[in-house]
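Student: Residues in the sequence shown are numbered consecutively from 1467, following this note's numbering. For each residue, glycine too, the CB sits at the ideal point set by N, CA and C. Note that this is a predicted model, so its numbers are computed, not measured. Supplied in structure tokens, the structure appears directly below.
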Amino acid sequence: GLPWYTLSNLFSFWVLAGVLAMLMSLLSWLYALKSVPLVVAFNLAATNHIMVAIGSWIFLGEEISIRRWVGISLIALGAGFIARPLARVEEKI
């Protein structure tokens, strides 16, 4: 058969959709960096690891080990630990 990297595959729907999704992700990230405090933007970026793991568990049926659940919990606690004082500061302003 033909190799996967033929020119016709380069312009397939899924490749173009993936490039568009990456571009939208980049533009969203740049907008977030411009619009919100840096600590909030990076705190939201840290939750990406949580969303990928839980999304793959729900939608793809992947197994998540106890060690990974502990890591997900630590990331969630860290994100909450950082966001909580920031929320109090925002209320005062």
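So the alpha helix (DSSP H) S1474 belongs to, where does it begin and stop?
Tutor: Start and end: 1473–1476.
Student: Once you ignore the five residues that flank W1523 on each side, which residues in its own chain have a CB closer than 7 Å to its CB?
Tutor: Result list for W1523: I1530, in chain order.
Student: Determine the direct distance from the alpha carbon of M1490 to that of R1550, and round the result to whole angstroms.
Tutor: One C-alpha to the other measures close to 29 Å.
Student: Check whether the Cβ of G1544 lies closer than 8 Å to any Cβ atom in chain C.
Tutor: The structure shown has no chain C; it contains just one protein chain.
Student: What are the uninterrupted segments assigned as alpha helix (DSSP H) that are 4 or more residues long and contained completely in the region 1504–1545, given in chain order?
Tutor: Entirely contained in the region 1504–1545, the alpha helix (DSSP H) runs reaching 4 residues are, in chain order, 1504–1526.
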